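For the sequence shown, our numbering begins at 26 and goes up steadily by one.
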Amino acid sequence: MTDSLMTGWSEAQAAGSMALYRRVLGLNLILHLLIGLSCIFLPHWFSDLVGLPEPFPVGWVRGWGATLILVTALYIPGYIHPGFRRAPNVIGILGRLWMAIVWTFCGGGFLWLALFDFVFFLILAFLYLRFLQATLMSRP
26 MTDSLMTGWS
36 EAQAAGSMAL
46 YRRVLGLNLI
56 LHLLIGLSCI
66 FLPHWFSDLV
76 GLPEPFPVGW
86 VRGWGATLIL
96 VTALYIPGYI
106 HPGFRRAPNV
116 IGILGRLWMA
126 IVWTFCGGGF
136 LWLALFDFVF
146 FLILAFLYLR
156 FLQATLMSRP
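Written out as structure tokens, the structure reads:
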């Protein structure tokens with residue numbers, strides 16, 4: 026196999042791993058947006074959905090939803106260029122692990138949020154590592 030064929034294959038592999046990472050990350054960002062909007066506009070429904078007590082005052086749930094949307098928006102540069110904008114991706118992946126730990130210690134209905142964040146932490150960490158490895162290997 027010639028070097029040009031190997032490099033072309035590696036570049037195709039890197040592009041494929043980036044596309045898969047971006048699809049999963051995009052799904053996660055859309056879910057974060059939907060969760061944030063439901064917290065802002067339907068705080069009682071969201072609390073019931075995850076098994077939390079009645080939100081009183083509802084301002085806390087709405088504020089958390091708005092913060093989640095803000096944090097999600099900060100992730101967009103990392104979504105657009107995951108190879109060049111590594112910081113938002115690494116911080117976001119580690120942030121999911123951190124929030125999974127925090128939600129776990131909160132217990133109760135927060136365990137659903139812990140599970141959500143931990144599952145996406147595992148998937149995104151694995152896919153981002155594969156993407157970075159494929160990108161590194163595509164450069165001779």
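Even glycine gets a Cβ: it sits at the ideal position worked out from N, Cα and C. Bear in mind the structure is a predicted one, so any value in this text is a computation, not a measurement.
Residue i, DSSP secondary structure in three states
i, result
"arginine 121", "helix"
"glycine 41", "helix"
8 angstroms Cβ shell around residue i - same chain, five flanking residues per side excluded
i, result
"serine 72", "Pro78, Glu79, Pro80, Val86, Gly134"
"valine 83", "Pro68, His69"
"valine 75", "Gly134, Phe135, Trp137, Leu138"
Where residue i falls, given that 16 or more other Cβ within 10 Å makes a residue buried
i, result
"alanine 125", "buried"
"leucine 119", "exposed"
"leucine 45", "exposed"
"arginine 48", "exposed"
"isoleucine 180", "The structure shown has nothing for residue 180, since the chain only spans 26 to 165."
"leucine 140", "exposed"
"phenylalanine 66", "exposed"
"threonine 97", "buried"
"glycine 51", "exposed"
"glycine 132", "exposed"
Continuous alpha helix (DSSP H) stretch holding residue i: start and end
i, result
"arginine 155", "135 to 162"
Close Cβ partners of residue i (< 7 angstroms) along its chain, the five nearest in sequence each way excluded
i, result
"threonine 160", "Ala39, Gly108"
"tryptophan 89", "Cys64"
"arginine 110", "Pro102, Gly103"
Same chain, Cβ closer than 6 angstroms to residue i, five either side skipped, listed in chain order
i, result
"aspartate 142", "Arg121, Met124, Ala125"
"phenylalanine 156", "Ser42, Met43, Tyr46"
Worksheet item: Taking the runs of the alpha helix (DSSP H) that are 4 residues or longer, which of them lie wholly in the segment 44 to 129?
Response: For the segment 44 to 129, whole alpha helix (DSSP H) runs of length 4 or above, ordered along the chain, are 68 to 75, 84 to 99, 101 to 105.
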